[in-house]
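K.L.:
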Amino acid sequence: MKTKLLVSICTFILYQSGFAQASERIQGQVHFDKTAATKVEVINATTKTVTLTDSEGNFTINIEINDVLVFVAKNHEIKEIKISVAVLNQDTLKVTLSSKIEELKEVVVQNMPSIKLSKDVKWEQAKLDQYALEKNAKKLKNLGVYDGTIENGMDLMRIGGMIFKLFKKEKEVAADKGPLLAFTDAAKTRCKADFFTETLQLKPGQIDNFLAFCAKDPKADSIASERNELTLMEFMSTKILHYKPN
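Using mature numbering (1 follows the signal peptide of the UniProt record, and there is no 0), the letters of the sequence shown correspond one by one to residues -22 to -1, 1 to 224.
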């Protein structure tokens, strides 16, 4: 009788343990403001699994209590959600992503309208060259940065000199920020320690090895040079999916 009772108790404990650890499949929908967000990366940072939203912003992914979901989309802020009982009880998890807000430097050139330079310097220079060649143009069609009327009458040699001074000034400003950091140093300097241990679920002894893994990517130095914490975090959140700890 005692043997049967002991077997019953062990069976019950094993059943409860298995039930508690069983993963569940959660459904959700991602929006940019009021628009359905397609092809958003939905990452379970705990189990290192990933899925994409469909054409209507819907997704499904396996999760457990205390897992961390990370939502990554180009030109939008990274969003993290920790799975709780309240989250699991929702029929559909609704997630809204916010657009990234990046400061743009405004450089004023004498006798020319104010021009806001984007990070793509070559693209901006091409626009200025086009302005010089098309003397009758009424607008500088720079959709993301500036859209206003500009006057005619600039000759190519003069605007060429202005462009040279403009970019010379921009390089001087960049030099004031100090030397560029290598990817590993940039990541340690700009990202908090809990991003590695909590969000990426790395052990303290794995962080250096993981950063060395990231640094091998051809994009790593370019990303480090941007001096943007969010870009660094987004890059490493993607790389963690392919990282295999030793």
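By construction, the Cβ of each residue, glycine as well, lies at the ideal position given by its N, Cα and C atoms. Owing to the predicted nature of the structure, the values given are computational and were not obtained by experimental measurement.
Assuming ALA51 and LEU66 form a contact by the criterion Cβ under 8 Å, report the distance between their Cβ atoms to the nearest whole angstrom.
P.N.:
With a Cβ gap of about 24 Å, ALA51 and LEU66 do not count as contacting.
K.L.:
Any beta-carbon of chain B closer than 8 Å to the one on LYS17?
P.N.:
No chain B is part of this structure, which consists of one protein chain only.
K.L.:
Kindly indicate the opening and closing residues of the alpha helix (DSSP H) around LYS166.
P.N.:
161 to 168
K.L.:
DSSP three-state call for GLN179: helix, strand or coil?
P.N.:
coil
K.L.:
Using the beta-carbon count (16 or more within 10 Å), is HIS54 buried or exposed?
P.N.:
buried
K.L.:
Between the Cα of CYS169 and those of LEU208, LYS60, GLY35 and LYS181, spot the shortest distance and give me the residue it belongs to.
P.N.:
LEU208
K.L.:
Within its chain, find whatever has a CB closer than 6 Å to the CB of residue 229; leave out the 5 residues flanking it on each side and keep chain order.
P.N.:
Lying outside -22 to 224, the shown extent of the chain, residue 229 is not represented and no answer is given.
K.L.:
Look at the alpha carbon of LEU159 and the alpha carbon of ALA193, and state the distance between them as a whole number of angstroms.
P.N.:
12 Å
K.L.:
In chain order, what residues of the same chain lie with their CB nearer than 7 Å to the CB of LYS78, ignoring the 5 residues before and after it?
P.N.:
ASN53, HIS54, GLU55 and LEU208
K.L.:
Where does LYS217 land, buried or exposed, given buried means 16+ other C-beta within 10 angstroms?
P.N.:
Within 10 angstroms of the beta-carbon of LYS217 lie 16 or more other beta-carbons, which makes it buried.
K.L.:
Going by the beta-carbon positions, is the gap between ALA189 and ALA165 smaller than 8 Å?
P.N.:
The sequence shown places Leu at residue 189, not Ala. Yes, Cβ-Cβ distance for LEU189 and ALA165 is below 8 Å.
K.L.:
Could you say which of ASP163, ASP195 and SER200 lies nearest to ASP186 if we only look at CA atoms?
P.N.:
ASP163
K.L.:
Who are PHE10's beta bridge partners in DSSP?
P.N.:
THR13 and LEU75
K.L.:
Can you tell me whether DSSP reads VAL50 as helix, strand or coil?
P.N.:
strand
K.L.:
Starting from the C-beta of PHE10, find all residues in its chain whose C-beta is less than 8 Å away, skip the five residues before and the five after it, and write them out in chain order.
P.N.:
Take PHE10, set aside five residues on each side of it, and the residues of its chain with a beta-carbon closer than 8 Å to its own are ALA51, HIS54, THR74, LEU75 and SER77, in chain order.
K.L.:
In three-state DSSP terms, what is LYS217?
P.N.:
The answer is helix: DSSP assigns LYS217 an H, G or I state.
K.L.:
With burial defined as no fewer than 16 other Cβ atoms inside 10 Å of the residue's Cβ, what is the status of ASP45: buried or exposed?
P.N.:
By the beta-carbon neighbour count (other beta carbons within 10 angstroms, threshold 16), ASP45 is buried.
K.L.:
In this structure, what does DSSP give as the bridge partners for THR189?
P.N.:
Per the sequence shown, the amino acid found at residue 189 is Leu instead of Thr. The partner list for LEU189 (beta bridge, DSSP) is empty, contrary to what the question assumes.
K.L.:
Report yes if the C-beta distance between THR31 and ALA15 is below 8 Å; otherwise report no.
P.N.:
yes
K.L.:
Taking buried to mean at least 16 other C-beta atoms within 10 Å of its own C-beta, is GLU212 buried or exposed?
P.N.:
It is buried - the Cβ of GLU212 has at least 16 other Cβ atoms within 10 Å.
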